[in-house]
Every structure is written in C-alpha cells, then in structure tokens.
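Enquirer: Here the protein sequences line up with chains A and B, keeping their order. For the first sequence, position 202 (counting from the first letter as 1) is numbered 202 according to the working numbering, and the numbering increases by one without interruption. For the second sequence, position 131 (counting from the first letter as 1) is numbered 1131 according to the working numbering, and the numbering increases by one without interruption. Input: one structure, supplied below.
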Amino acid sequence: MSSVYALLFIVATIVLVIGLARKIVQYAKTPAPLKIPTTPAPVTQTGVVFRLFREVVLFESLFKSTKWTWIFSWMFHMGLFLVLLRHVRYFIDPVWLPIQLIQPFGKYAAFAMVAGLAGLLVRRIFVDRVRYISAPSDYLWLLILLMIGMSGAMMTFVIHTDVVAVKQFFTGFWTLSGGELPMDPILLIHLTLVAVLMILLPFSKLLHIPGVFFSPTRNQVDNPRERRHLVEWARKFEES
Amino acid sequence: MAGAEFKTPELSEHIEVPELVEGTMEHITCFVAKPEHQTDLGFPGEKVENWKEVAIDKMGDLLSRYRSFQVFMDACVKCGSCTDKCHYFLGTQDPKNMPVGRQDLLRKVYRRYFTFAGKYFPKLVGAADLSEEIIDDWYSYFHQCSQCRRCSVFCPYGIDTAEISMAAREILDSIGVGQKYCNEIIGKVHKIGNNLGLPGPAILNTLEGLEEDVYDEDEVAVKYPLDVKGADILLVTPSADFFAEPHVDGLIGYGKVFHEAGVSWTLSTTASEAGNFGMFIGSYENMRRVSLRIREAALELGVKRIVFGECGHAWRIAYSFLNTLAGPFDFLDPDYPVPQHICEFTLNEIEKGTLEFDKSENDDMSITFHDSCNVARASRMGDTPGGQFEIPRKVIKAVVNNYHDMEWDTIHERTFCCGGGGGLLTDDLMEVRVKGAKPRMSAFKNVMEEKGVTHLAAICAICKSQFTKVLPYYGMDMFQIVSVHQLVSNAIVLNRKTPPEEAPDYGDDD
C-alpha cells in the first residue's frame, strides 16, 4: 500500500509541476498587444510590484468589493498558507528555524482555513447570484479542500497518526530510502485528496494562482504615452 | 425586438442589488450589419456556412494573440465579486448581465474546446458545445456590455469583461454576424473621416457658424480653424461636437481657451473624429486604421502637438493605444505628452494664469461631475495616477461656484457607466440603455435632492448623447447634461479683444 501512495505522489508531483509549467509558459509567451491596466495604475515597475503584492497577499480588489467574501477567502488562503509552511517540516530534517517558529500558528491556522471554506460554501449555496454561476466543480473544490483541512486538523488535534513514520515516508522520496506509511484511514483520505488536488490543479480554475501574476490589467505599468508597446504580431501591420 | 415597450426602472436611494430574474433581456437583438458594412471592414458579408468551425478557430487565434483573453478564460474562480457591479445587471436583473454570467457565455465554449476538463467532463465544469442558441446569446448579451471595466476594478484577478466582449464581437464579426451600428460607423470613418459621415464642407460651414455665434455674443473674433497648415496644435474631437447639444458648447469652449491662451490650433477633415469604434468590436486592425488618420493629419498639417477633445472611449484609445498603434510621434514637440487631453491643456493654462473667469456666469447651475468610465478606469490625465479624476474637477471648480460630488461609491474608479458606451448608443438598444442608466441616474437624483445639484457635467460625447436621451425617461430634463468646456465657455472672460478694424463682417446672407 505504501508503494501505491509513493507512486501516486510521484505522479501527482510530476503532473503538477509539468502542468503548471506548461500553463506558465503559455501565459508568458502569449503577447499582450495593448496597454490595458485598470487605472488608476502604477506608473513604475516598482509600483506594479506593490500592486501585485497587495492583490496577492491582501486581496485588495476583493476587499473593495464585498467584505464577507473577502473575510472568508482571506481566512482560507492565509490559513492554508500557514498550514502549508508548517507542513514543510514533514519533508526536511533538521527543520528550519522559521518553520519551527511557525508551528503553533500553523496548527491553529487549520481552523481559519476550514472556517473560511465553510463560509465560502455557505455563500455559494445561499447567495442566488453566486449559486447561479456555480458549476458542480465549484462545489467539489470547496468540499475537497474542506475534507483535506478537516482530516488534517483531526490528525493534529483528535486522533494522532504516527507523524514520525509519515515524515520518514516523505523524506524517503529525496533519499530513495523508502519508508512505511501508517495505514490510518484519516491519513489516507487526507493524502489521497491532496494528490487529487495536485493532479487536477493545472486543469482547473486553480489556475488563478499563476493567472493573477499574468493579468495585464494588474501587472502593466501605466506609461503608454511615454513608450510604444508593439508586439511581434502587430509589427507586420507596420511593414505593409 | 427594437422599439418594444418596456418599463423604466424605479430609482433607488442606494445601490440596491436586485434578485435574479432569468431571461429578462434575452429578447434584445440589435440590428445586424448589412453585407456592405461587413465587407468594408474585411469581414464576411453574411453568416458563413461553417460558422461553428470558423468561430472556434477564431477563438483559438485570439487566445494565442491576447494574453488577457487566455488568462481571463482560465483564472475565474466564480467568487461572485463582480456579480453586483455591472450597471446592466443592476438595471435588468438578468443574470447573464452579471459580468461573470456574461463571460461564462464564452467561457463555457472555451472550456469545451480548449481545456482537458471541458473536453472530457463538460457537465462537471459547465462546458457546452457551440450551438445556434449560444451564438444568439453572444449576439444579444455581448451587445449589452459597454466595456466600462467596472467589473475589472473589483475582480481579484483583474478579469475585464470589456476584453471578453471585444473578443466575442470579433468572433461574431469573423463568422459574418456583425453589429450594424458599429460596423457601419467604422466604414464611414475609413471612407469619410468621421463617425457621422460629415464631409469637409459641412464641417467648415458649422465652424464658420460657431465663429459668427461667438462674435455675436462676445464681440471677439474667436477662430475655429479647419485644415490650417503650420498650426501648433491639432485638435481631434468627436464629430458629435460639430453639431449635437451640449457637445457643441464644449467645442465653443475649447476654441475660447485656445484663443485666450494665444496658441494657434486647427481641426482637420482627415482626422475629424476622436472616437474609434474599432475598439468596440475588438479589431486591432480597424482600430489601427482609424488611428492612422490622426498621424496622417498631424504630418499633413505639420502641427507640433495633438490635443483631444472631450470623449471617453476616444481618450482611452488616444492615451493608451495611439502611440502604439500609430506612433512613434517623434516629429511632434517632445515637451508635451502625445496626445494631451483638453482638460490637461486647460488646467495647465489656468495654473499659468493665462485665463480669467467670471464664475458667477455659472451661478444658475449647481454642478456634479460624471466620471466617464473609460477615462476613469482605462486612462490617465496628468503625471500621477488618479489625475483623470482630479484634473476635470479642478477645471470645473475653477469656473463654477457650486460643485458637489455624487456618492463616493459611484464616482472615480467606482463610477457607473452612462449606459450607452461601447457601441450601444443606438436606438435599437434603447431598452438596454435606459435600464443600464439606472445606477447613474439614481446617484444623480440623490445628489440633486440632497445638495441641490441641477446639472451633470461630462467629458464624453457618448455620455452626453446618452444622458440627453435617457434623463427624460427618469423624469428629468435633457438639458441637465452639460459639457465641461461649456462651463468653461460660460465663465471665461475674453480679454484678447478684436480691434474694430479686424472685425469680421458676417453680413446677413443666411
């Protein structure tokens, strides 16, 4: 059984890395022929970095829009971020100091993550406008993430699994030394869903993760009067 | 169908988010372009036989040429942030007028033909085969978007429905189903030089009339020159400024400002149109062809600067795209930005102290300012972000005593579109225009009641035409919409008098 999971995670990692890399290359290669930042926009590259920082870390635009969605999604994303950082300890030995320091926050961040997801799910079901735009996959993603979060929190706070063995299993990936995964049902559910998420991410709306960095309305400098912005395919008109 | 009866929405005190009512606007279909309108722009004259194939190919082509389109198709997480932001949704309750609802009309086809999940699990991700019904939906609902970008302000990924509407219209054009209003107008610009198809002599006649009117009133010979070689400034203004009310009062104002500033300027018959509907249909090529007329005129007349009159989408193209489409403008005076907005020019003169105003001339009015969508969210004025909000307000405040802003969540980057932008300013879309104007009309009505405001000032030809038509539907007066430079024109003191020996003789031959 452990080797099945080992294989699953190798496949999941490969699909995730290659799938995401392909999309990132596609976004990077596709030209943006006109300057279309949503204004007021920064007039320098540094300003753009700040704008993207605020967008990615603080969800600035969503904050302007609806406070409830902002609260729920920010709790979820920041919770997930801390939880992920905490999980780094299962892949390295010795554990880096920052990861050690984050440990207590990372543990309780799971509650923020689950609460945020629950809020988003309730909103998706009960706000008629959001219900209208939701496909089955939109609910499924929330459910998958909720189950990942809850199964993880269960293992942290209720029914502990043998984390030392789990760590040996995953560090074994680097060293090819192998290791046995504890056959706890909650752990197996947790890991299966994580692998599913990793595999589906490059084919789903989770592409908003790379997408936000490539969004021309957010990442362009507002300087069109100072500089021409000609892309390759538009150049052919100039020549004719 | 066009001209059908409809009910004007009730105005509300705040932005009220209505319940969804499906299909309230699916009967909307604007007139389809005739074959000659299509072929003039390089599109097929009639719906092609293999439309499905052509549409999908075109979508693929656009996905590979526009990063915005590709990223926006992928990145939406259906968070709902945009769902209550579109004025057309707020005025119609139709869920397909929610920005994401509109985008999904295209996105479901994108997913079906261009994504793994949509190819193999269409039901799961809401993907759909392209069908006649979907084409009908596209034609209807992508002509209920004014490309105002309000949704893009609130989207956490900056998804801009304007970009998606442009792509959809380009796909529709490519299969031979274009919109009459836009495509006919673009053809007129290519052939004659402006949206209204006004030939040079008609423009000249109008301008002479304006000179006469101003002289009659102020006894100062303010010139409205056309095609004057060697002038310093080329003024490019929407052709509506030549005859429509209150646009023409703005044009009179530009002339008075230039007169008092003591600069030489000219209009051009070649570039007698600031508007560029090529953007509305998403066609880079048509947008470029229209833009090149401005370059041509500037070279032909040997001007040193280009200034744009009051026009919203036009200013977006002028500010954001002109340099790219028709530049480089290295033959112009490098001390001035290319192009400049008339408000930038006027404020600059005000700050230099060259203009004198008698604000009391505007005391019969109390003004509020409508931020035109494409000026607010797709361009800038001045050197700092947000100059597009401050500069027109500074100009207004320099010439009026009574000024009040509308509610904070309906101005600046949150401004509501007039309801007639993006190629919708046509009578066959009157229902969309009236309903879409509801949020702006509400905010205006509120500032009238709370602050005693009487007039709405705008810097966009489309806004002005739209409000003239729509204000009466909401029980207000069509003359409540004014041009910003009309206010300037009212207040400006003409100190550069005309000596009696140079007084023009207009006679009374007409």
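From the three backbone atoms N, C-alpha and C, an ideal C-beta is built for every residue, glycine too.
Where does residue 1316(B) sit, in a helix, a strand or coil, going by DSSP?
Expert: Residue 1316(B): helix per DSSP, three-state reduction.
Enquirer: Does any residue of chain B have a CB that is nearer than 9 Å to the CB of residue 195(A)?
Expert: Not an interface residue.
Enquirer: Please state whether the Cβ-Cβ distance between residue 1154(B) and residue 134(A) is less than 9 Å.
Expert: In this structure, residue 134(A) does not lie closer than 9 Å to residue 1154(B) by Cβ.
Enquirer: Taking only beta-carbon atoms, is residue 1123(B) less than 9 Å away from chain A?
Expert: Taking Cβ atoms only, chain A reaches closer than 9 Å to residue 1123(B), which makes this a yes.
Enquirer: Mind checking whether residue 985(B) and residue 1407(B) have CB atoms under 9 Å apart?
Expert: There is simply no residue 985(B) to check, as chain B begins at 1001 and stops at 1510 in what is shown.
Enquirer: Starting from the beta carbon of residue 1116(B), find every residue of chain A whose beta carbon is closer than 7 Å, and list them in chain order.
Expert: By Cβ distance, chain A contributes 203.
Enquirer: For residue 1084(B), which residues in chain A fall below 7 Å Cβ to Cβ?
Expert: Those within 7 Å of residue 1084(B) in chain A are 129.
Enquirer: Expressed to the nearest angstrom, what Euclidean distance is found between the alpha-carbon atoms of residue 1484(B) and residue 1378(B)?
Expert: Their Cα atoms are separated by approximately 20 Å.
Enquirer: Under a three-way DSSP split, which group does residue 1090(B) fall into?
Expert: Three-state DSSP puts residue 1090(B) in a helix.
Enquirer: In whole angstroms, give me the CA-to-CA distance for residue 1509(B) and residue 1490(B).
Expert: Low per-residue confidence applies at residue 1509(B): pLDDT is 49, beneath 50, and the placement is therefore not dependable, though the value from the model is reported in the following sentence. Their backbone Cα atoms lie some 28 Å apart in a straight line.
Enquirer: Among the residues of its own chain, which have a CB less than 8 Å from the CB of residue 1332(B), if the five just before and after it don't count?
Expert: Answer for residue 1332(B): 1298, 1303, 1304, 1305, 1306 and 1338, listed in chain order.
Enquirer: Measure the C-alpha to C-alpha separation of residue 156(A) and residue 208(A) and round it to an integer number of angstroms.
Expert: The straight-line gap from Cα to Cα measures roughly 29 Å.
Enquirer: Taking the DSSP output, what are the residues bridged to residue 1368(B)?
Expert: Bridge partners of residue 1368(B): 1456(B).
Enquirer: Quick one: grab the DSSP three-state call for residue 38(A).
Expert: Here residue 38(A) sits in coil by DSSP.
Enquirer: Compare the C-alpha of residue 1387(B) against each of 64(A), 2(A), 35(A) and 40(A) and name the closest.
Expert: Per the Cα distances, 40(A).
Enquirer: Check for me: the beta strand (DSSP E) holding residue 1308(B) runs from which residue to which?
Expert: Residue 1308(B) -> beta strand (DSSP E) spans 1305-1308.
Enquirer: From 1076(B), 1100(B) and 1077(B), pick the residue whose C-alpha is nearest to that of residue 1084(B); which is it?
Expert: Among 1076(B), 1100(B) and 1077(B), the Cα nearest to that of residue 1084(B) belongs to 1100(B).
Enquirer: Could you spell out where the beta strand (DSSP E) holding residue 1482(B) opens and where it closes?
Expert: 1481-1483 is the span of the beta strand (DSSP E), which, as asked, contains residue 1482(B).
Enquirer: Can you tell me whether residue 1132(B) is buried or exposed? The criterion is at least 16 other CB atoms within 10 Å of its CB, across all chains shown.
Expert: Classification of residue 1132(B): exposed, given that the 10 Å Cβ count is below 16.
Enquirer: Looking only at its chain, what residues have a beta carbon closer than 6 Å to the beta carbon of residue 1002(B), apart from the 5 residues adjacent to it on each side?
Expert: For residue 1002(B), the predicted model reports a pLDDT of 44, less than 50, meaning its position is unreliable; a value from the coordinates is still stated below. Around residue 1002(B): 1428.
Enquirer: Taking all protein chains shown into account, decide if residue 1016(B) is buried (16 or more other Cβ within 10 angstroms of its Cβ) or exposed.
Expert: Residue 1016(B) comes out exposed.
Enquirer: On the three-state DSSP scale, how would you describe residue 1070(B)?
Expert: Residue 1070(B): helix per DSSP, three-state reduction.
Enquirer: Mapping DSSP to helix, strand and coil, what is residue 1510(B)?
Expert: Residue placement at residue 1510(B) is poorly supported in this model, since its pLDDT is 48, which falls under 50; the coordinates still yield a value, given next. Three-state DSSP puts residue 1510(B) in coil, outside helix and strand.
Enquirer: Could you list the residues in the segment 1314-1334 of chain B with a C-beta less than 7 Å from some C-beta on chain A, going in chain order?
Expert: Hits within the stretch, in order: 1319, 1320, 1321, 1323, 1324, 1327 and 1328.
Enquirer: Does the separation of the CB atoms of residue 1283(B) and residue 1041(B) fall below 9 Å?
Expert: Yes.
Enquirer: When DSSP labels each residue in this structure, what does residue 1032(B) get in the three-state scheme?
Expert: Three-state result, residue 1032(B): strand.
Enquirer: Out of 1506(B), 1443(B) and 1374(B), which has the shortest C-alpha to C-alpha gap to residue 1147(B)?
Expert: Checked all of 1506(B), 1443(B) and 1374(B); the closest Cα to residue 1147(B) is 1374(B).
Enquirer: Put residue 1336(B) into one of helix, strand or coil per three-state DSSP.
Expert: Residue 1336(B): coil per DSSP, three-state reduction.
Enquirer: Please identify the residue among 1031(B), 1173(B), 1229(B) and 1029(B) whose C-alpha is closest to the C-alpha of residue 1044(B).
Expert: With distances taken between Cα atoms, residue 1044(B) lies closest to 1173(B).
Enquirer: For residue 1246(B), I'd like the list of residues in its chain whose CB is within less than 7 Å of its CB, leaving aside the five on either flank, ordered along the chain.
Expert: Taken in chain order, the residues that qualify are 1464, 1481, 1482, 1483 and 1486.
Enquirer: Look at the Cβ atom of residue 1267(B), then the Cβ atom of residue 1322(B), and state whether they are nearer than 9 Å.
Expert: It is not a contact, given that the beta carbons lie outside the stated cut-off.
Enquirer: Might you give, ordered along the chain, the residues of its own chain that have their beta carbon closer than 8 Å to the beta carbon of residue 238(A), omitting 5 neighbours on each side?
Expert: Closer than 8 Å at the Cβ level, and outside the excluded window around residue 238(A), lie 230.
Enquirer: For residue 167(A), which residues in the same chain have their Cβ closer than 7 Å to its Cβ, ignoring the five residues on either side in sequence?
Expert: Closer than 7 Å at the Cβ level, and outside the excluded window around residue 167(A), lie 90.
Enquirer: Taking only beta-carbon atoms, is residue 81(A) less than 9 Å away from chain B?
Expert: Closer than 9 Å: no.
Enquirer: Is residue 1104(B) close to chain A, meaning its C-beta is less than 9 Å from at least one C-beta of that chain?
Expert: Closer than 9 Å: yes.
Enquirer: Could you give the residue range of the alpha helix (DSSP H) that holds residue 1153(B)?
Expert: 1150-1154 is the extent of the alpha helix (DSSP H) around residue 1153(B).
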